[in-house]
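> One structure is given below, represented as structure tokens, and several questions about it will come after.
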Amino acid sequence: MARIGKDISTAARLLLEGQLVAIPTETVYGLAANALNVAAVSHIFEVKKRPATNPLIVHLASVAQLSDYVASMPDAAWQLIKAFCPGPLTLVLPRTQIVPDIITAGGNTVAIRFPKHPLTRALLRETGVGLAAPSANPYGYISPTNAHHVNRMLGNHIPYILDGGPCTYGIESTIIGFPNDKPTIYRAGSITRRQIEEVIGTVYQYQGHEIHSPGMSAGHYSPTTPLYITTNIQAATADATDGDTGIICHSAYAPNIPQHHQIILSHNADLPTAARNLYAALHEMDHRGYKRILIEQLPTTGVGEALNDRLKRAATPHITTSSHNLPL
Ligand code: TXA
Ligand code: MG
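Here it is as structure tokens:
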């Protein structure tokens, strides 16, 4: 198992030696390597079993580092950086030649993010280089939102996990690019489309092929246990009384099921709280060995758009309205 600690100089030393370190961010934990070390970055792909066609985000400490990695910046990108960074926003921008092809999957753009977590900001300052980091989970599985999740999934493959406690947002960053000067959301996330439109006006939703952002493909963010979404938790659980179903509810327990088979995401029906707890609930239910997991569809306002987007990609059939659709 990996060592878990809060020692920034150990983490920085390992990274500069070319090793991998798991890092806390405000969204989810990342699996980091020195972005300029091709061997180290290729090790990320091996450990995650991630296809080489899926590019990585480069994490930076400050805008002073941007010109090393980014060839040109649209005005809208500057406006978004001023409004939201450091924070859970990733910008897809034209790359410089210094950025290794393995990071961009050979493409002309590089994804850049300025994470907000104080430990990771201190680590980025200490190393002085960009850190390439996807979420610290095996490819296709649920992202980690605490150090224990990382250790359970990848602990045998990495020397150190920098422990920054549970992630405050709990869902991956919003990804925005500027193809043909049109601001385009590639992946919904903690920062909502409305928040972005308040700063730069109309933004488009990417409708294209998954190659540009495989995090948008179905079959991502999935537990091993089949996951079903329901718009009517009461009806869907009517027959699910056999103890074989783990149930994740938004704000109130389903009445006909013992509470120890259920997890509530937010007792106050607060969506940011639900976001913070969602992945931990999925990890927990997946490890309890149920035959199936049933989750209540979340409201679609605010960060709910991103949460439902993740659930749809994680789920087996997309929506079930009653227990008749559940393979009980
Ligand atoms: O919140 C986050 O973004 C977390 C933390 C660790 O920063 N990172 C994360 O990374 O979610 P990952 O690799 O799991 O997801 C990044 C997504 C992938 O779907 C990838 O395809 C997309 O970003 N991406 C990376 N570079 C891109 C590029 N140049 N153009 C379009 N999409 C890109
Ligand atoms: Mg990921």
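For what it's worth, the working numbering labels the leading residue of the sequence shown as 1185, then goes sequentially.
In this text, a Cβ means the ideal position worked out from N, Cα and C, and glycines have one as well.
Note that this is a predicted model, so its numbers are computed, not measured.
Can you grab the Cα-Cα spacing for the pair Leu1256 / Leu1277, in whole Å?
Per the sequence shown, the amino acid found at residue 1256 is Ser instead of Leu. So the alpha carbons of these two residues sit roughly 7 Å apart.
> If contacts are defined as beta-carbon pairs under 8 Å, then Leu1482 and Leu1455 qualify, I think. What distance do you get, rounded to the angstrom?
With 8 Å as the limit, Leu1482 and Leu1455 qualify as a contact, their Cβ atoms being about 7 Å apart.
> Please report the distance separating the alpha-carbon of Gly1189 from that of Tyr1344.
When rounded, the distance between both Cα atoms is 8 Å.
> Just to confirm, is the Cβ distance from Ile1384 to Gln1263 under 8 Å?
Cβ distance < 8 Å, so Ile1384 and Gln1263 count as in contact.
> Mind checking Pro1302: buried by the 16 CB within 10 Å criterion, or exposed?
By the 10 Å Cβ count, Pro1302 comes out exposed.
> Rounding to the nearest angstrom, what Cα-Cα distance links His1451 and Ala1458 in this structure?
Looking at the two C-alpha atoms, the distance is approximately 9 Å.
> Ile1369 to Lys1496, Cα distance in whole Å?
Rounded to the nearest angstrom, the two C-alpha atoms are 18 Å apart.
> What residue range does the alpha helix (DSSP H) around Gly1488 cover?
Counting along the chain, the alpha helix (DSSP H) containing Gly1488 begins and ends at 1488 to 1498.
> Quick check on DSSP: helix, strand or coil for Thr1408?
In this structure, Thr1408 counts as coil in the three-state DSSP scheme.
> Given the structure, does Thr1352 come close to the ligand TXA, in the sense that its CB is under 7 Å from one of the ligand's heavy atoms?
Flag unset: Cβ of Thr1352 not near the ligand TXA.
> When you compare only the Cα positions, how much space is there between His1227 and Arg1279?
Each residue's Cα considered, the two are about 22 Å apart.
> Do you know offhand how far Asp1470's Cα is from Asp1426's?
Their Cα atoms are separated by approximately 17 Å.
> Check the DSSP bridge columns for Gly1214 and list the partner residues they point to.
Gly1214 is bridged to Ile1207, Ser1319.
> Relative to the C-alpha of Arg1297, which candidate in Arg1305, Gly1291, Ala1424 has its C-alpha closest?
Taking only the C-alpha atoms, the option nearest Arg1297 is Arg1305.
> Consult DSSP for Leu1200 and reduce its assignment to one of helix, strand or coil.
The answer is helix: DSSP assigns Leu1200 an H, G or I state.
> Should Ser1435 be listed as close to the ligand MG, given that the test is whether its C-beta is under 7 Å from any heavy atom?
For the ligand MG, not one heavy atom lies less than 7 Å from the Cβ of Ser1435.
> Does the beta-carbon of Ser1327, which I'm using as the reference point, lie nearer than 7 Å to any heavy atom of the ligand MG?
Yes, since a heavy atom of the ligand MG falls inside the 7 Å radius drawn around the Cβ of Ser1327.
> Closer than 7 Å: is that where the CB of Ala1318 sits relative to any heavy atom of the ligand MG?
Checking the sequence shown, residue 1318 turns out to be Pro, not Ala. Checking the Cβ of Pro1318 against the ligand MG gives yes.
> Name the DSSP bridge partner or partners of Gln1446?
Answer is Ile1431.
> Determine the closest residue to Ile1326 out of Arg1371, Pro1363, Pro1407, with distance taken between C-alpha atoms.
Cα-wise, what sits closest to Ile1326 is Pro1407.
> Go to Leu1264, then tell me how far its alpha helix (DSSP H) extends in each direction, as first and last residue.
Note, Leu1264: alpha helix (DSSP H), 1259 to 1268.
> Would you call Gly1290 buried or exposed, if buried means 16 or more other Cβ atoms sit within 10 Å of its Cβ?
Answer is exposed; the Cβ neighbour count stays below 16.
> Compare the Cα-Cα distances from Asn1440 to each of Ala1424, Ala1320, Glu1381 and report the closest residue.
With distances taken between Cα atoms, Asn1440 lies closest to Ala1424.
> So the beta strand (DSSP E) Glu1480 belongs to, where does it begin and stop?
Here the beta strand (DSSP E) through Glu1480 covers 1476 to 1480.
> Quickly, what does DSSP pair Arg1279 with across the bridge? List them, please.
For Arg1279, which the question treats as bridged, DSSP gives the partners Val1254.
> Please report the Cβ distance between Ser1374 and Ala1490, rounded to the nearest whole angstrom; I am assuming they are in contact, meaning their Cβ atoms lie under 8 Å.
Correct: roughly 7 Å between the Cβ atoms.
> Could you tell me if Gly1430 is buried or exposed, where buried requires 16 or more neighbouring beta carbons within 10 angstroms of its beta carbon?
So Gly1430 ends up on the buried side.
> Going by DSSP, what residue range makes up the alpha helix (DSSP H) through Ala1465?
1455 to 1471 is the extent of the alpha helix (DSSP H) around Ala1465.
> Quick one: what's His1243 bridged to in DSSP?
Looking at the DSSP assignment, His1243 forms a beta bridge with Arg1297, Leu1315.
> Does the distance between the C-beta of Thr1288 and the nearest non-hydrogen atom of the ligand TXA fall short of 7 Å?
Yes, since a heavy atom of the ligand TXA falls inside the 7 Å radius drawn around the Cβ of Thr1288.
> Please report the straight-line C-alpha distance between Pro1398 and Asn1238, rounded to a whole angstrom.
Here Pro1398 scores only 48 on pLDDT, less than 50, and its place in the model is too uncertain to base an answer on.
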